[in-house]
Amino acid sequence: MFFRKPDPHVKPEGMAYWVRVRTEPSGEVVPLRISRASELSPTAEGYYVRKVIVAPESLDRAVLEIWFDRRARVLRKAVEGGELVPIKEWS
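Residue numbers (my numbering): 1070 to 1160.
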């Protein structure tokens, strides 16, 4: 049987996913909750979400995009104007 390694940036929790984005240029870290029930849009290969982020303190802007397969597992992700913070660095 084939087992997928958990994604190092996207943490599933119940009916949601948690991610943290470090914005540029300030480096402010913004936690985000993505609801599986209301925020995932269906696509030909599975699901997609796009979130526009405005950091509350620095007002940096970033755009997060995540593509999921039909079982809602992460296929790929991209951030414009920042980077994803690995789960192991969350405190």
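From the three backbone atoms N, C-alpha and C, an ideal C-beta is built for every residue, glycine too.
Nothing here was measured: the structure is a model prediction, and the numbers come from that model.
Environment of residue 1151 [buried if 16+ CB atoms lie within 10 Å]
So residue 1151 ends up on the buried side.
With a threshold of 16 other CB atoms inside 10 Å of the CB of residue 1088, please say whether the residue is buried or exposed.
buried
For residue 1130 and residue 1118, what's the separation of their Cα atoms in angstroms?
Going by the C-alpha atoms only, they are around 17 Å apart.
For residue 1109, which residues from the same chain have a beta carbon less than 8 Å from its beta carbon, with the 5 sequence-adjacent residues on both sides left out?
1103, 1116, 1117, 1118, 1137 and 1141
At the level of alpha carbons, what is the spacing between residue 1086 and residue 1143?
10 Å
Can you check whether the CB of residue 1158 is closer than 9 Å to the CB of residue 1146?
no
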